[in-house]
Structures are given as C-alpha cells and as structure tokens.
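Note that the sequence shown covers residues 1 to 285 in our numbering.
All remarks here apply to the structure that follows.
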Amino acid sequence: MSETLSPELQSWVGRTRVVEEDVGLAAVRRIAGMLDMDPTAFKNGDKLPPHWFTLFFADVARQSDIGPDGHPNPAVFLPPIPLPRRMGAGRRVTIHDTLRVGDVASKTAEVAAILPKQARTGFITVLTMRHTIRREGKVIAVDEFDAIYREAVKPGEKSGTGAPVPAPTDAAWRVEKYLSSPLVFRYSAITWNAHRIHYDADYSREVEGYPNTVQNGGLTMQLLLDAAVANTPGTLRGFTARLTRPIYVGDTITLCGHAPKDGKVNAWVQDKDGNLCAQLDCEFA
Numbered sequence: 001m002s003e004t005l006s007p008e009l010q011s012w013v014g015r016t017r018v019v020e021e022d023v024g025l026a027a028v029r030r031i032a033g034m035l036d037m038d039p040t041a042f043k044n045g046d047k048l049p050p051h052w053f054t055l056f057f058a059d060v061a062r063q064s065d066i067g068p069d070g071h072p073n074p075a076v077f078l079p080p081i082p083l084p085r086r087m088g089a090g091r092r093v094t095i096h097d098t099l100r101v102g103d104v105a106s107k108t109a110e111v112a113a114i115l116p117k118q119a120r121t122g123f124i125t126v127l128t129m130r131h132t133i134r135r136e137g138k139v140i141a142v143d144e145f146d147a148i149y150r151e152a153v154k155p156g157e158k159s160g161t162g163a164p165v166p167a168p169t170d171a172a173w174r175v176e177k178y179l180s181s182p183l184v185f186r187y188s189a190i191t192w193n194a195h196r197i198h199y200d201a202d203y204s205r206e207v208e209g210y211p212n213t214v215q216n217g218g219l220t221m222q223l224l225l226d227a228a229v230a231n232t233p234g235t236l237r238g239f240t241a242r243l244t245r246p247i248y249v250g251d252t253i254t255l256c257g258h259a260p261k262d263g264k265v266n267a268w269v270q271d272k273d274g275n276l277c278a279q280l281d282c283e284f285a
C-alpha cells in the first residue's frame with residue numbers, strides 16, 4: 001500500500017460536522033452507576049467532572065449503516081480509509097470549563113489529519129479527529145483523538161503487539177480494578193460503541209486475532225482519569241493519553257500515579273504481569 005494520501009482521502013481533511021447533545025439527568029445517572037458512584041447524588045444543574053464530556057456526543061448511525069465489525073461503515077462519519085481494523089491510540093485534551101447536568105451542548109468534529117505509514121506490525125493509517133465541545137458558543141474543551149487503522153489479520157495468525165515494557169514501580173497511589181464483562185458492556189452502551197472486539201469473543205479471536213474480548217480503551221482512560229482526579233488536589237485542565245498495550249475483558253489492572261509536581265501528574269495502567277498498558281500526563285490548576 002502507498003504512504004501517499006489518495007485524492008479521495010485528502011478531500012476529507014478539514015471536513016467538519018456537528019453533533020448536538022442534551023446532557024440529561026438520566027444519562028448522567030447511568031454513567032454514575034456504571035462508575036460505581038451513587039446515581040442519586042446528581043441533580044439538574046450540578047457540575048460534572050471536567051473529563052466527563054468524553055462520555056457524551058456519540059455518533060448515532062442507522063442500523064443499516066453498521067459494518068461487520070460493529071463500527072459505522074466507512075464514509076458514514078469517518079473517512080473511507082481502506083484498512084479494516086480500527087482502534088483508539090491516544091488523545092490530547094485541553095479543558096476550559098465543565099459541563100453541567102441539563103446542558104444543551106455541541107461537538108464539532110473535524111478531520112484534522114490522515115497519515116498512512118509503514119509500521120513494525122504492518123501498514124497502518126493514523127486518523128486524527130479534533131473535537132471541540134461548546135455550550136452556548138463557549139468552548140468547553142478541545143479533544144484531539146488518534147485512531148489507528150490496521151491491515152486484516154491473516155487466517156490463523158495473532159494480532160501483533162509490541163514488546164512488553166515494565167511499568168514504573170514508584171507509584172504514590174495504586175487502585176486495582178477488575179474489568180468485568182458487565183462493566184465493559186455498560187460503558188459501550190453509554191458511549192454507543194458496538195465494536196465487536198469488546199463483546200464478541202469468537203469475532204475477536206477468529207477475525208481480529210486477539211486471545212479474548214478486548215478492553216475498551218476509552219474505559220481504560222476513563223478509569224485512570226477518575227483515579228488521577230480522586231488522588232490529586234485542584235481542577236483538571238488537560239491531559240495527554242496514550243494506549244500502549246492491549247488489555248482484555250476479565251483482567252485485573254492497577255491504576256497508578258505519581259504525586260503531583262508543579263500541577264502536573266503522571267499516571268499509568270499496568271497489567272497483572274507489571275507491564276505498562278497506558279500512560280496519562282495530566283495538568284491541574
């Protein structure tokens with residue numbers, strides 16, 4: 001495959017669309033319950049945690065527009081990148097304000113970049129989306145999100161992963177979390193994510209080459225952000241996140257972090273073998 005962007009894909013760069021959202025009380029209470037918080041503690045008008053905007057503004061495709069992997073078909077919402085496997089990789093977020101229960105807000109989704117390249121595990125294309133969250137014209141947050149598109153796994157082969165990297169051992173705080181099937185299901189339902197690798201074990205193994213159903217990367221980041229916020233004074237104003245190693249449904253992970261220094265916090269996720277699976281750099285004010 002070519003590392004030169006085709007004219008069709010080039011025409012997608014800079015395209016925008018707007019997703020409107022009612023940040024309703026019922027949705028907020030479902031999110032709270034999924035995160036093991038008291039759902040009745042939230043009332044209309046309450047401020048939400050700053051990073052919770054990522055739980056809203058889902059793209060809602062018609063059922064006839066859903067592809068065999070559970071994602072919307074190419075060109076429904078995202079560019080028609082000619083590679084069949086898509087997974088989240090990282091994001092860069094700046095937070096200016098927070099949503100409140102009952103807000104009517106919007107997300108402007110922009111195709112910021114499309115980068116085809118040769119990687120160690122095969123040919124990939126990196127899609128960068130820029131999401132700008134607004135309420136009454138005021139910018140609440142700007143979220144740049146990277147997704148990696150990969151080639152199909154050959155029959156009988158396993159999905160390629162990088163060599164394991166040991167996680168840091170000097171955490172100031174640690175929180176263990178069991179990634180149960182119901183937790184991953186509820187997160188996928190809240191974010192309207194039907195990607196089959198998160199719930200269909202046969203598809204995950206036979207088509208995409210994983211040993212089990214795959215943990216949702218968005219949920220990994222949500223749990224790590226929640227832990228970082230709970231263990232750090234101040235208000236979260238931004239973060240950079242990177243997923244580095246697959247985690248599987250049924251695993252127990254450890255959420256870890258350093259003590260804050262000059263308003264900055266480094267946090268990470270490690271698996272049961274002590275391998276680094278995700279990294280997070282946060283800024284607090």
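Ideal Cβ positions, reconstructed from N, Cα and C, are used throughout, including at glycine.
On a predicted model such as this, the values are computed, not experimentally measured, just so you know.
Would you call residue i buried or exposed, if buried means 16 or more other Cβ atoms sit within 10 Å of its Cβ?
i: Lys107; result: buried
i: Pro149; result: A small fix is needed here, since residue 149 is Tyr in this sequence, not Pro. Buried, by the Cβ-count rule.
i: Tyr178; result: exposed
i: Leu233; result: Checking the displayed sequence, the identity of residue 233 turns out to be Pro instead of Leu. Result: exposed.
i: Asp226; result: buried
i: Arg91; result: buried
i: Ser204; result: buried
i: Gly162; result: exposed
i: Glu206; result: exposed
i: Val184; result: buried
i: Pro246; result: buried
i: Gly274; result: exposed
Taking the DSSP output, what are the residues bridged to residue i?
i: Lys117; result: Ile124
i: Asn275; result: Pro166
i: Phe53; result: According to DSSP, which records beta bridges pairwise, Phe53 is partnered with nothing at all.
i: Leu236; result: Phe284
i: Ile148; result: Met87, Val126
i: Arg300; result: The structure shown does not extend to residue 300, since the chain spans only 1 to 285, so no value can be given for it.
Can you grab the Cα-Cα spacing for the pair residue i / residue j, in whole Å?
i: Ala189; j: Ile133; result: 21 Å
i: Lys261; j: Glu8; result: 46 Å
i: Ala61; j: Pro72; result: 6 Å
i: Val13; j: Glu3; result: 16 Å
i: Trp192; j: Gln118; result: 31 Å
i: Thr125; j: Thr40; result: 43 Å
i: Phe239; j: Val93; result: 5 Å
i: Val229; j: Pro182; result: 24 Å
i: Ala241; j: Ala27; result: 25 Å
i: Pro82; j: Gly67; result: 13 Å
i: Leu55; j: Arg120; result: 32 Å
i: Phe57; j: Glu144; result: 14 Å
i: His51; j: Leu223; result: 11 Å
i: Met221; j: Arg135; result: 24 Å
i: Cys277; j: Val269; result: 5 Å
Output needed for residue i: all residues of its chain with C-beta closer than 6 Å, excluding positions within five of it in sequence on either side, in chain order.
i: Glu20; result: Ser106
i: His258; result: Ala172, Asn266
i: Arg186; result: Met34
Apart from the five residues on each side of it in sequence, which residues of its chain come closer than 7 Å, Cβ to Cβ, to residue i?
i: Glu208; result: Arg85, Val153, Ser159, Ile197
i: Asn44; result: Leu25, Val101, Gly102
i: Ala201; result: Asn212, Thr213
Is residue i helix, strand or coil when you go by DSSP?
i: Arg186; result: helix
i: Gly24; result: coil
i: His71; result: coil
i: Glu3; result: coil
i: Tyr203; result: helix
i: Arg30; result: helix
i: Arg15; result: coil
Using a Cβ-Cβ cut-off of 8 Å (strictly less than) and excluding sequence neighbours within five positions of residue i, which residues of its own chain qualify?
i: Thr252; result: Glu176, Lys177, Tyr178, Leu179, Lys272
i: Lys264; result: Asp281, Cys282, Glu283, Phe284
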